[in-house]
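Step one of this worksheet: look at the structure below.
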Amino acid sequence: MIQKYKYGIPFETDAVPQSIPCAQGTPSCGTVTADESGFRFTYRMSNNEAVYGLGEALRGINKRGGSYVSFNTDQLFHMEDVLSLYASHNFLLLAGECPTGLFFDYPGGLEFDIGFTQQDMLTVSCKHADLYLYIITGSSLTDVVKQFRHAIGRSYIAPKWAMGYAQSRWGYAVPQDFREVVDHYRKHHIPLDAVYMDIDYMERFKDFTVNQETFPDFPAFVSEMQERGIHLVPIIDAAVKAEAGYPVCDEGLENDFFCTDEQGKPFEAAVWPGLTYLPDFLKPEVRQWFGEKYHILIDQGIEGFWNDMNEPAIFYTMQGMEEFRKEMQDFLSRPAEEVDWFRVRSLSSGLCGNSNYQQFYHNLNGERICHEQLHNLYGYNMTRAAGEAFEQLCPDKRLLLFSRSSYIGSHRFGGIWTGDNASWWPHLLLNIQMMPSLNMCGYLFSGADIGGFGADVSRDLLLRWLAFGIFTPLMRNHSAKDTRRQECFRFEHPEDFAHVIGVRYRLLPYLYSEYIKAALNDEMYFRPLAFDYPEDAAAREVEDQLMLGDGLMIAPVYLQNASGRCVYLPEDMLFVKFLPDGTLHQEPLSKGLHRISAALNEVPLFIKKNHILPLAAFAETVAALDETHLELIGWITEPTSYTLYQDDGLTKDYSNPQHYLTLTKEPAKP
Ligand code: MIG
Numbered sequence: 164m165i166q167k168y169k170y171g172i173p174f175e176t177d178a179v180p181q182s183i184p185c186a187q188g189t190p191s192c193g194t195v196t197a198d199e200s201g202f203r204f205t206y207r208m209s210n211n212e213a214v215y216g217l218g219e220a221l222r223g224i225n226k227r228g229g230s231y232v233s234f235n236t237d238q239l240f241h242m243e244d245v246l247s248l249y250a251s252h253n254f255l256l257l258a259g260e261c262p263t264g265l266f267f268d269y270p271g272g273l274e275f276d277i278g279f280t281q282q283d284m285l286t287v288s289c290k291h292a293d294l295y296l297y298i299i300t301g302s303s304l305t306d307v308v309k310q311f312r313h314a315i316g317r318s319y320i321a322p323k324w325a326m327g328y329a330q331s332r333w334g335y336a337v338p339q340d341f342r343e344v345v346d347h348y349r350k351h352h353i354p355l356d357a358v359y360m361d362i363d364y365m366e367r368f369k370d371f372t373v374n375q376e377t378f379p380d381f382p383a384f385v386s387e388m389q390e391r392g393i394h395l396v397p398i399i400d401a402a403v404k405a406e407a408g409y410p411v412c413d414e415g416l417e418n419d420f421f422c423t424d425e426q427g428k429p430f431e432a433a434v435w436p437g438l439t440y441l442p443d444f445l446k447p448e449v450r451q452w453f454g455e456k457y458h459i460l461i462d463q464g465i466e467g468f469w470n471d472m473n474e475p476a477i478f479y480t481m482q483g484m485e486e487f488r489k490e491m492q493d494f495l496s497r498p499a500e501e502v503d504w505f506r507v508r509s510l511s512s513g514l515c516g517n518s519n520y521q522q523f524y525h526n527l528n529g530e531r532i533c534h535e536q537l538h539n540l541y542g543y544n545m546t547r548a549a550g551e552a553f554e555q556l557c558p559d560k561r562l563l564l565f566s567r568s569s570y571i572g573s574h575r576f577g578g579i580w581t582g583d584n585a586s587w588w589p590h591l592l593l594n595i596q597m598m599p600s601l602n603m604c605g606y607l608f609s610g611a612d613i614g615g616f617g618a619d620v621s622r623d624l625l626l627r628w629l630a631f632g633i634f635t636p637l638m639r640n641h642s643a644k645d646t647r648r649q650e651c652f653r654f655e656h657p658e659d660f661a662h663v664i665g666v667r668y669r670l671l672p673y674l675y676s677e678y679i680k681a682a683l684n685d686e687m688y689f690r691p692l693a694f695d696y697p698e699d700a701a702a703r704e705v706e707d708q709l710m711l712g713d714g715l716m717i718a719p720v721y722l723q724n725a726s727g728r729c730v731y732l733p734e735d736m737l738f739v740k741f742l743p744d745g746t747l748h749q750e751p752l753s754k755g756l757h758r759i760s761a762a763l764n765e766v767p768l769f770i771k772k773n774h775i776l777p778l779a780a781f782a783e784t785v786a787a788l789d790e791t792h793l794e795l796i797g798w799i800t801e802p803t804s805y806t807l808y809q810d811d812g813l814t815k816d817y818s819n820p821q822h823y824l825t826l827t828k829e830p831a832k833p
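Numbering (the working numbering), first residue to last: 164 to 833.
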């Protein structure tokens, strides 16, 4: 059951398209105070009550013991004490006596204190008491999530090729950089379906342009790559370069499509292109205009995009720079020993800080609203601009789309990646823990930068990360400029990488089937063990293993120098290890604790007893997969079946019954 409570005058975010009448009276769960001083929800948690949710947030699967702030931030350091990342997923799931979901539909900064200040108190608060609160009760955690997901609408579905392995790196600039990547992948038979194009493909970082000097015939380059089975996926940034004669800028100015400053003039902020304007994506006509621009690249053969810098990320504003320069003049006029160095340092780092969001406005239906109040909706509406346009431009074809910034609602239009992590072992664990939380909030097509974006990766970290990444719908190796080169072929024994990534392709019939079914049925693709085994106290606390779809459990190795790990089996399972010679180690294990070994070039997984895992033969691209010959593995003691979803991976005819195949397996004859 979903109850919706209204406080003040909420901004309509469209996070929940399902129409739900507002309930009267006080909420059935917790205590609310809502007045001029703001909004505050408090709830006393029982002793061992776990709290899940928050989607893209730091710390573990169980969010209890920490505090978090929804305020979308271009956060370069994903440390344990960081409060905000790029997204605001204001959904909590209380795992007490009666499983309860809470969704705070509020577009500004929102604070969560989940037993941090006081161990049994949950407090959610914000400055303005204008919001909707949804309270969802159900028979189980899974049931609550399903109801919530139903209310927020079906998750975006990516084309199948986008579940192939992808290589990316900030810095690929000329065709030769891309060819070199593809040549090496193909030479070493490491599977590859896509190469991402970061900002360097553009002409001076202008959206929807391609540098004509480096790519004189871009469509020909796109098709050259397509012939080699490679999809190119360009980046689009939120801010539009301020440059007379650049059509996107000119049209935006002519039509008042940009956010404005205090004086009502187009607001200027500096990002990669230098000075830019910020499209007012909250206006439907701006979304339509900006969204249609994607056709410029679609017409040249592009079938997918990633939207970046849409928190929006701002390096500095003109106003901030003016103030900074004034202070610097004062600084230059004094003797060095009088300079307050701490102040200088904080002034310069403050240039890209949150105060910028108070400096510009959205103009909606004749009303001027300060950006800060709607901040968390910006990336969502950029993604929505693209997603809505794709519906118009190619109604029957799935395009790839994912974003850095998001707010619940954008999951209907695209996926997300989790931003600028680092090549640190704890970030591999963070990736594992974040995935089920993202699924709760509707983000199924998602993944982290495999190998880590910042810092220098080591071979063992990359291999371990890949051995988890093969399970995430988005499987992309991405890294920052100036870090150690991170493409698989740069390391010793590329065949080990070919093997680990190859397992992704062998599993793809199952992974794709589970991904699509999760999207169509509002289900979670990755689940914490607590969801499937709520009565099992040991399973409830597992933070480093996940259930995946119908019959799988994964337990990735995420510590350096570990030759294996301890795994908790909440029931009897078949332990399967994909060995580098292409064979499988299969070993039935009983419920309980086990120590398993897994070398760097081996992929472990677990199949629940009497569940089927279909396997394809190795392939180097999704298109080359032979899905008509599947090997069915499993520990089968009674006749068992599995519903396999299969389609062309590109069109949208999801409900066609022909896409559902029943696979069956009988117990082996004694
Ligand atoms: O200020 O486009 O998160 O994936 O490589 C950095 C360059 C801008 C941030 C993205 C990252 C991308 C990078 N971008």
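By construction, the Cβ of each residue, glycine as well, lies at the ideal position given by its N, Cα and C atoms. Remember, it's a predicted structure, so these values are computed and weren't measured experimentally.
Between which two residues does the alpha helix (DSSP H) containing Ile664 stretch?
Per DSSP, Ile664 belongs to the alpha helix (DSSP H) from 657-683.
Please specify which runs of the alpha helix (DSSP H), each continuous and at least 4 residues long, are wholly inside the segment 319-381, giving them in chain order.
Qualifying alpha helix (DSSP H) stretches, in chain order: 338-350.
How many angstroms separate the CA atom of Glu212 from the CA atom of Pro691?
Taking the straight line joining both Cα atoms gives about 15 angstroms.
Would Phe576 and Thr546 qualify as a contact pair, given that the criterion is a beta-carbon distance under 8 angstroms?
Contact flag set, yes.
Grouping DSSP H, G and I as helix and E and B as strand, with all else coil, what is Tyr543?
Reduced to three states, the DSSP call for Tyr543 is helix.
Three Cβ pairs or more, each shorter than 8 angstroms: is that satisfied between the segment 283-302 and the segment 723-743?
The answer is no - the segment 723-743 does not touch the segment 283-302, with fewer than three Cβ pairs under 8 angstroms.
Rank Met603, Asp268, His641 by C-alpha distance to the C-alpha of Asn584 and give the top, closest one.
Here the closest residue by C-alpha is His641.
Among all the DSSP beta bridges, which residues are the ones paired with Asn526?
Answer by DSSP bridge pairing, in chain order: Arg531.
What separation, rounded to the nearest whole angstrom, lies between the Cα atoms of Leu752 and Glu706?
Computed Cα separation, rounded: 21 angstroms.
Could you tell me the alpha carbon to alpha carbon distance between Phe378 and Pro436, rounded to whole angstroms?
Straight-line Cα distance between these residues: approximately 19 angstroms.
Quick test of the definition: if touching needs 3 or more C-beta pairs under 8 angstroms, does the segment 633-647 touch the segment 594-614?
Contact between the segment 633-647 and the segment 594-614 is present, because at least three Cβ pairs lie under 8 angstroms.
Identify the residues that DSSP records as bridge partners of Ala197: which are they?
Paired residue(s): Phe202.
CA-CA distance, Cys412 and Glu199?
Distance between the alpha carbons of Cys412 and Glu199 is about 40 angstroms.
Smallest Cα separation from Glu175: which of Glu376, Ile393, Leu445?
Residue Leu445 is the option with its Cα nearest to Glu175.
Report the residue from Cys729, Gln596, Gln339, Glu655 whose alpha carbon sits nearest the alpha carbon of Arg622.
It is Glu655 whose Cα lies nearest to the Cα of Arg622.
DSSP three-state label for Asp695, please.
Asp695: helix per DSSP, three-state reduction.
In chain order, what residues of the same chain have a beta carbon less than 8 angstroms from the beta carbon of His351, not counting five sequence neighbours either side?
So the qualifying residues of the chain are Cys651, Phe652, Pro657, Glu658, Phe660, Ala661.
With distances taken from CA atoms, which of Tyr440, Met365, Lys740 is nearest Thr480?
For the residues Tyr440, Met365, Lys740, the minimum Cα distance to Thr480 belongs to Tyr440.
With DSSP run on the structure shown, which of helix, strand or coil describes Asp612?
Looking at Asp612 - three-state DSSP - the assignment turns out to be strand.
Find the nearest neighbour of Gly229 within the set Asn473, Ser247, Lys323, judged by alpha-carbon distance.
It is Ser247.
Does at least one heavy atom of the ligand MIG sit under 7 angstroms from the Cβ of Ile398?
Indeed, a heavy atom of the ligand MIG lies less than 7 angstroms from the Cβ.
Just checking: is the beta-carbon of Thr305 within a distance shorter than 8 angstroms of some beta-carbon in chain D?
Reference to chain D is not applicable here, since this structure consists of a single protein chain.
Could you check if His641 belongs to the surroundings of the ligand MIG, using beta carbon to heavy atom distance under 7 angstroms?
Indeed, a heavy atom of the ligand MIG lies less than 7 angstroms from the Cβ.
I'd like the span of the beta strand (DSSP E) that includes Gln166, first residue to last.
Run containing Gln166: 165-170, per the beta strand (DSSP E) assignment.
Please report the straight-line C-alpha distance between Leu711 and Ser586, rounded to a whole angstrom.
Distance between the alpha carbons of Leu711 and Ser586: 25 angstroms.
Going straight from the alpha carbon of Asn819 to that of Tyr678, what length do you get?
Cα-Cα distance, rounded: 16 angstroms.
Using C-beta distances below 7 angstroms, list every residue in its chain close to Phe631, excluding the 5 sequence neighbours before and after it, in chain order.
Once the five neighbours on either side are set aside, the close Cβ partners of Phe631 are Leu591, Asn594, Ile595, Pro719.
Which whole-angstrom value describes the C-beta separation of Ser182 and Ile298, a residue pair presumed to lie in contact below a C-beta threshold of 8 angstroms?
At roughly 17 angstroms, the Cβ-Cβ gap does not stay under 8 angstroms, so Ser182 and Ile298 are not in contact.
Note the first and the last residue of the continuous beta strand (DSSP E) segment covering Glu794.
Start and end: 794-796.
For the ligand MIG, I want to know if Arg567 counts as a neighbour, meaning its beta carbon is within less than 7 angstroms of at least one of the ligand's heavy atoms.
Arg567: yes, Cβ under 7 angstroms from the ligand MIG.
Let me check understanding here. Comparing Cα to Cα, which of Val232, Leu256, Ile770 lies closest to Ala849?
Any property of residue 849 remains undetermined from this structure, which presents the chain solely from 164 to 833.
So what does DSSP say about Val449, is it helix, strand or coil?
DSSP places Val449 in helix when its eight states are reduced to three.
Which one of Ser518, Leu625, Phe694 has the shortest CA to CA distance from Phe536?
Note on residue identity: the sequence assigns Gln, not Phe, to residue 536. For Gln536, the nearest C-alpha among the options comes from Ser518.
Just to check my reading of the structure: Ile320 and Ala682 have Cβ atoms closer than 8 angstroms, yes? What is that Cβ distance to the nearest angstrom?
Between Ala682 and Ile320 the Cβ distance is about 5 angstroms, and since that is below 8 angstroms, they are a contact.
Do Asp361 and the ligand MIG come close, with the Cβ less than 7 angstroms from some heavy atom?
True, at least one ligand heavy atom lies under 7 angstroms from that Cβ.
Would the segment 365-377 count as touching the segment 766-777 if we require 3 or more Cβ pairs under 8 angstroms?
Contact between the segment 365-377 and the segment 766-777 is absent, because fewer than three Cβ pairs lie under 8 angstroms.
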